[in-house]
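Undergrad: Protein chains in written order, with our numbering: chain A, 1 to 357; chain B, 1001 to 1135. Pasting in a structure now, in structure tokens, and then I'll have a few things to ask.
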Amino acid sequence: MRTIIPFGPQHPVLPEPIHLDLVVEDETVVDVIPSIGFIHRGLEKLVEKKDFQEFVYVAERICGICSFIHGMTYCHGVEQLMKIEVPPRAHYLRTVWSELSRIHSHLLWLGLIADAFGFESLFMHSWRLREKVLDIIEATTGGRVIFGSCKIGGVRRDIENGTLREIAAKLRDYAVEYKDLGNVFLNDLTVKRRLCGVGVLSGPDALGLGSVGPMLRASGVAQDMRLLKYAAYGGIDFAPVTAEEGDSYARCAVRIGEIFQSVEIIRQCSEKIPGGAIEIKVTGLPEGEFYARTEQPRGEVIYYIKANGTKNLERLRVRTPTFANIPPMLKIMTGCQLADVPVLVLTIDPCISCTER
Amino acid sequence: MIESQDFRETTPERLIGEVQGMRDAGYRLVQIGATRTEGFEINYSFDRNLEFVNFKIRLADNTEVIPSISGVYWSAFLYENELHDLFGLNIKNIHIDYQGHFYRVARPAAFAEKPPPPKIKRAVKPTAGTEVKET
Chain A
1 MRTIIPFGPQ HPVLPEPIHL DLVVEDETVV DVIPSIGFIH RGLEKLVEKK
51 DFQEFVYVAE RICGICSFIH GMTYCHGVEQ LMKIEVPPRA HYLRTVWSEL
101 SRIHSHLLWL GLIADAFGFE SLFMHSWRLR EKVLDIIEAT TGGRVIFGSC
151 KIGGVRRDIE NGTLREIAAK LRDYAVEYKD LGNVFLNDLT VKRRLCGVGV
201 LSGPDALGLG SVGPMLRASG VAQDMRLLKY AAYGGIDFAP VTAEEGDSYA
251 RCAVRIGEIF QSVEIIRQCS EKIPGGAIEI KVTGLPEGEF YARTEQPRGE
301 VIYYIKANGT KNLERLRVRT PTFANIPPML KIMTGCQLAD VPVLVLTIDP
351 CISCTER
Chain B
1001 MIESQDFRET TPERLIGEVQ GMRDAGYRLV QIGATRTEGF EINYSFDRNL
1051 EFVNFKIRLA DNTEVIPSIS GVYWSAFLYE NELHDLFGLN IKNIHIDYQG
1101 HFYRVARPAA FAEKPPPPKI KRAVKPTAGT EVKET
């Protein structure tokens, strides 16, 4: 007998509102119909009234987790349109803050997934470690979530080279704790039973359904927008973290691997960062159209910017990683057990605030 | 490094064939987005190993019929419902059609309204005892 069970928009496992109609036969989910749009804010439309330089503040507020990368992607797009040469030091600082964002976002996700499968102490332990990263962010930008440090033409704040080396050393120490944390997620028997073989997504399916980020890389596809060499990534030695299994465990393993990768990228930045200015003066107005693509913790984000030579942009279109990962989420939920639904929803690392920009 | 921006013009009649070609060539559907200009522009973006390709359709108004590509890329249904709800675009045969209920917005097709004309004059904030001027 088929039954439709409404899941969300208010649900203990959901920090933000998304509604799913779960069509179940006994305990098996046979179909899922998503519904979003509970908190659509129309921020894209606001660009018609805000000065293009002021809009960086709005772009940062599209998301409460990967806020810095939203602002940076917007700046990157406008800078490409206006052919602005950002100082190399600013590129390195942007890379450092991007990677700090990635570490804290992945630690946040690890806490949420632990909470979803009922491991409360692991949840608290993950968030305790996240606080230390937020402390670094607060010390270097003044904000914990909204950094406000990116601007068109560079960055607003500098980090002294000595401080940067201290941060890299601190993160190296924290990495020991990250390793202990990762060991629980990857080796604990009860955790593995909740993640291994659950929500398998093959590589061809992941590509065909438009997956991005860890969701795609956990299915064996080594695609990472940082390979486009925006910011300072052209001067950094790194390779996308991938896994082959395509299940929830693989998605967890990819995110844990990326935490260590981010620590290593920040170490490289602390050694390679050049001196010089952190911003240049911006003159003129943007004209033309450009797609800026960067890698957020959740995956590829796209900013389409169309400008007509006035101070107001003609169009800003933001395609967030969660939006792209909804179809693959529906795919992995079809055929799953009802008890696995919260875990599967969380394995895409949903950010509805981003999606409903 | 500046990413290449490959824009190719197409029409609603040729759209399905072009998209099927991208699917057969192993491209991933990246996004579908619209822009309000004098009419409407729709961009279909694809990626294969960081090679980024866009197809652009220009429409005189939002009553013109556009075929859905959700038969080729199933995941397109989200983007197409979004285009319908925000821009009022007339997309036919969407695989999962929410009939205008994808987004719960206060005003239907709010993004179809033309943006206000750019401000040419800027009012100078008056100070006490001075005459108000425009620059």
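From the three backbone atoms N, C-alpha and C, an ideal C-beta is built for every residue, glycine too.
Quick one: what's Pro15 of chain A bridged to in DSSP?
TA: Looking at the DSSP assignment, Pro15 of chain A forms no beta bridge with any residue, so it has no partner.
Undergrad: Three-state secondary structure (DSSP) at Phe38 of chain A?
TA: Phe38 of chain A: coil per DSSP, three-state reduction.
Undergrad: Within 8 Å of any Cβ in chain B, is that where the Cβ of Ile240 of chain A sits?
TA: A small fix is needed here, since residue 240 of chain A is Pro in this sequence, not Ile. So, not an interface residue.
Undergrad: Exposed or buried, what is Thr28 of chain A when buried is set at 16 or more other beta-carbons lying within 10 Å of its beta-carbon?
TA: exposed
Undergrad: Please confirm if Phe1087 of chain B has its CB atom under 8 Å from at least one CB of chain A.
TA: Taking CB atoms only, Phe1087 of chain B has no neighbour in chain A less than 8 Å away.
Undergrad: Below 8 Å between beta carbons: does that hold for Val318 of chain A and Ala116 of chain A?
TA: Ala116 of chain A sits away from Val318 of chain A, with the two beta carbons spaced by 8 Å or more.
Undergrad: Ile5 of chain A and Met215 of chain A look like a contact to me (Cβ under 8 Å); what is the Cβ gap, rounded to whole Å?
TA: The pair is not a contact, with the Cβ atoms about 24 Å apart (cut-off 8 Å).
Undergrad: Ala139 of chain A: which of A:Leu164, A:Met225, A:His70, A:Ser202 sits nearest, CA to CA?
TA: It is A:Leu164 whose Cα lies nearest to the Cα of Ala139 of chain A.
Undergrad: List the whole-angstrom C-beta distance separating Ile36 of chain A from Ile18 of chain A, where the pair is believed to meet the contact cut-off of C-beta under 8 Å.
TA: 6 Å
Undergrad: What does the alpha-carbon distance come out to for the pair Thr141 of chain A and Val1065 of chain B?
TA: 49 Å
Undergrad: Does Tyr92 of chain A come within less than 8 Å of chain B when only Cβ atoms are used?
TA: no
Undergrad: Between the stretch 305-322 of chain A and the stretch 128-136 of chain A, can you find at least three pairs of beta-carbon atoms closer than 8 Å?
TA: no
Undergrad: For Gly8 of chain A, count neighbouring C-beta atoms within 10 Å of its own C-beta (all shown protein chains included) and say buried if the count is 16 or more, exposed if not.
TA: buried
Undergrad: In chain order, what residues of the same chain have a beta carbon less than 7 Å from the beta carbon of Ser1004 of chain B, not counting five sequence neighbours either side?
TA: Result list for Ser1004 of chain B: Phe1052, in chain order.
Undergrad: Given a threshold of 16 other Cβ atoms within 10 Å of its Cβ, counted over all protein chains shown, does Phe185 of chain A qualify as buried or as exposed?
TA: So Phe185 of chain A counts as buried.
Undergrad: Is the distance from the Cβ of Thr95 of chain A to the Cβ of Ile236 of chain A below 8 Å?
TA: yes
Undergrad: Buried or exposed: where does Thr1135 of chain B fall if 16 or more other Cβ atoms within 10 Å of its Cβ makes it buried?
TA: Its pLDDT being 46, under 50, Thr1135 of chain B is placed unreliably in this model, and the value from its coordinates should be taken loosely. Burial call: exposed.
Undergrad: Around the Cβ of Thr73 of chain A, are there at least 16 other Cβ atoms within 10 angstroms (buried) or fewer (exposed)?
TA: buried
Undergrad: Are the stretch 222-229 of chain A and the stretch 289-305 of chain A touching by the rule of at least three beta carbon pairs closer than 8 Å?
TA: yes
Undergrad: Using a Cβ-Cβ distance cut-off of 8 Å, determine whether Thr1135 of chain B contacts chain A.
TA: Since pLDDT at Thr1135 of chain B reaches only 46, below the 50 mark, its modelled position is unreliable, and no value is offered.
Undergrad: Could you check the C-alpha separation between Tyr1098 of chain B and Gly1071 of chain B for me, to the nearest Å?
TA: 16 Å
Undergrad: Does the beta carbon of Thr1010 of chain B come closer than 8 Å to any beta carbon on chain A?
TA: So no, Thr1010 of chain B is outside the interface.
Undergrad: Using a Cβ-Cβ cut-off of 8 Å, state whether Val341 of chain A counts as contacting chain B.
TA: no
Undergrad: I need the DSSP call for Asp349 of chain A, collapsed to helix, strand or coil.
TA: coil
Undergrad: Take Arg254 of chain A as the anchor and find which of A:Ala277, A:Ala232, A:Ser219, A:Ser270 has the nearest alpha-carbon.
TA: Note that residue 254 of chain A is Val in the sequence shown here, rather than Arg. Per the Cα distances, A:Ser219.
Undergrad: If you compare alpha carbons, which of A:Ile136, A:Val282, A:Gly275 is closest to Leu100 of chain A?
TA: A:Ile136
Undergrad: Which class does Asp1047 of chain B belong to by DSSP, given the choice of helix, strand or coil?
TA: Reduced to three states, the DSSP call for Asp1047 of chain B is strand.
Undergrad: Buried or exposed: which applies to Val198 of chain A, given that a residue is buried once 16 or more other Cβ atoms fall within 10 Å of its Cβ?
TA: buried
Undergrad: Determine which residues of the stretch 320-338 of chain A have a Cβ less than 7 Å from any Cβ of chain B, and write them out in chain order.
TA: Phe323, Ile326, Pro327
Undergrad: If we call anything under 8 Å between Cβ atoms a contact, is Phe260 of chain A one with Ala168 of chain A?
TA: no
Undergrad: Go ahead and pull the three-state DSSP assignment for Val30 of chain A.
TA: Strand at Val30 of chain A.
Undergrad: Label Gln268 of chain A either buried or exposed according to how many other C-beta atoms from any shown protein chain fall within 10 Å of its C-beta, with 16 as the threshold for buried.
TA: buried
Undergrad: Can the beta-carbon of Met329 of chain A be found closer than 8 Å to that of Val341 of chain A?
TA: Their beta carbons are not under 8 Å apart, which means Met329 of chain A does not touch Val341 of chain A by this criterion.
Undergrad: Would you mind working out which of A:Leu209, A:Tyr233, A:Gly234, A:Gly203 sits nearest Ala222 of chain A, comparing C-alpha positions?
TA: A:Gly203
Undergrad: Given a limit of 7 Å on CB to CB distance, which residues of the stretch 287-308 of chain A reach chain B?
TA: Phe290, Tyr291, Arg293, Ile302, Tyr304, Lys306
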